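One structure is given below, encoded as structure tokens.
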């Protein structure tokens, strides 16, 4: 892992390691304070126990003598008691009394000094009563104790503990360093994969994918990244296909126009009314294609103006049927209509008229002569259902799934011959989607295609 101050990996490593360092230092100081407090308590408790033993020994000597003369007449008697008590307390050989850190005083029951230097008592002292066997308090043993670690032996023990604690803290920091390296690397591995994938997307490689392992936030981010890359790849492919289809659609009528005009220019063909009509028809095909492209681009980006209002769709469908009546008769097509009396939807009447005109145009172009067209309008719950079906030729299920894609051709040569641009149904799809509806294609019982349009009905109409 490369260390750069401005990189996320370095900052993450420093953050984790700084946290571990703070925890180790805090624990070390806490352990030191706990040890010192406990060790001082141990020293004080040890001195308290020693004072109790000395007090008991003094009480026994007092009972044997009947007074404090054994101590007043012989100072060495107290030190003999100290040696005996120390030997009993430590279960070891008697030590030299000069090495004791405690200073003792003995007072009688009237607070008269029996043993010890006649100096003011320090603040840190232990007062232990000298009680005989019959329960009489005949005096007091006063022992000083240090509120700290001043004894040489205790200081060496404390220094050894301090050294050991620093060794443990150092080892803990080393383990924390190694663990932090692995943790930072493990945390940043999926982020690095996402960064590499993002760089690939920025270079235009939309096939980039990252492993979506894990169920945490990074795993969800990886899934979202893959979904984004898949969408971009699909959109890029659609854009390329779209440009290729546009070029292909424009090339044919332009090539025809160029050939006709060059033939007239070279004198191969005369500028007869038939020639001019042929050129005019190709020009009209170009104009229709450009207009369809313009309408589709507007509907794709939501720029079409929709002036929605309550409207009855039955007259709109009848209007589309009326405009196509002479073409129905010319192709000898039979049309059946099964409408409900009235159905009000909240929609743009102009866009719905365009929708029904395109559906009718699709049926007129791609239905064999002597065929049949059935238009049925029903109401299901809170939806208006329009079934627009025709007779042969039909489509497969896969063809029906692609029918609303722009420039989709079932039979390319026949579609071009019929003058279709392959954009009418794509425009229908956008119009229905803009009205919060749905449009689907399926096989018809008549042998052709059934197009089902569903439009929402306002709730007030339902009531």
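In my numbering, the protein residues as written are 496 to 958.
Glycine included, each C-beta is placed from N, C-alpha and C at the ideal position.
Nothing here was measured: the structure is a model prediction, and the numbers come from that model.
Same chain, Cβ closer than 7 angstroms to residue i, five either side skipped, listed in chain order
i	result
residue 882	871, 945 and 947
residue 622	635 and 637
residue 930	842 and 950
residue 660	523, 526 and 527
residue 547	623
residue 926	794, 846, 849 and 850
residue 857	919 and 920
residue 604	632, 633 and 634
residue 801	843, 846 and 929
residue 608	600 and 602
Counted within 10 angstroms of its Cβ, other Cβ atoms place residue i as buried (16 or more) or exposed
i	result
residue 619	exposed
residue 510	exposed
residue 782	exposed
residue 866	buried
residue 674	exposed
residue 662	exposed
residue 669	exposed
residue 613	exposed
residue 513	exposed
residue 943	buried
residue 746	exposed
residue 940	exposed
residue 912	Caution is warranted here: a pLDDT of 41 is assigned to residue 912, below 50, making its placement in the model unreliable, and the coordinate value is therefore given only provisionally. Exposed is the call here.
residue 750	exposed
residue 953	exposed
residue 559	exposed
residue 658	exposed
residue 654	exposed
residue 886	buried
residue 713	buried
residue 836	exposed
residue 769	exposed
residue 542	buried
Residues of its chain near residue i, where Cβ-Cβ distance is below 6 angstroms and the 5 sequence neighbours each way are ignored
i	result
residue 667	519
residue 815	851, 852 and 855
residue 834	809 and 872
residue 759	766
residue 812	851
residue 617	639
residue 468	Residue 468 falls outside the range modelled here, since the chain spans only 496 to 958, and no answer is possible.
Proximal residues to residue i (C-beta, below 8 angstroms), its chain only, five neighbours per side dropped
i	result
residue 593	Reliability of the predicted coordinates at residue 593 is poor, the pLDDT of 40 falling under 50, and no value is obtained from them.
residue 682	507
residue 570	610
residue 516	668 and 671
residue 630	none
residue 568	none
Distance CB(residue i)-CB(residue j) smaller than 8 angstroms
i	j	result
residue 566	residue 601	yes
residue 696	residue 727	yes
residue 754	residue 720	no
residue 598	residue 552	no
residue 529	residue 625	no
residue 893	residue 921	no
residue 671	residue 703	no
residue 938	residue 890	yes
residue 806	residue 840	yes
residue 874	residue 923	no
Nearest-angstrom Cβ-Cβ length linking residue i and residue j, presumed shorter than 8 angstroms
i	j	result
residue 826	residue 864	5 angstroms
residue 718	residue 711	So it is not a contact: roughly 11 angstroms between Cβ atoms.
residue 557	residue 633	6 angstroms
residue 862	residue 828	6 angstroms
residue 830	residue 868	5 angstroms
residue 688	residue 705	5 angstroms
residue 627	residue 554	5 angstroms
residue 752	residue 774	6 angstroms
Practice problem: Enumerate, from N- to C-terminal direction, the unbroken alpha helix (DSSP H) stretches of 4 or more residues contained entirely within the region 709-782. | Solution: 712-761
Quiz item: What are the start and end residues of each continuous alpha helix (DSSP H) run of 4 or more residues lying completely inside the region 873-901, in chain order?
Solution: 892-896
Exercise. List in chain order: all unbroken beta strand (DSSP E) runs of 3+ residues lying wholly within the region 804-881.
Key: 804-807, 829-833, 839-842 and 867-875
Quiz item: At what residue ranges does the region 596-669 contain a whole run of the beta strand (DSSP E), taking only runs of 3 or more?
Solution: 599-603, 608-610, 620-626 and 632-639
Quiz prompt | Ranges of the alpha helix (DSSP H) found wholly within the region 540-583, counting only runs of at least 4 | solution = 564-567
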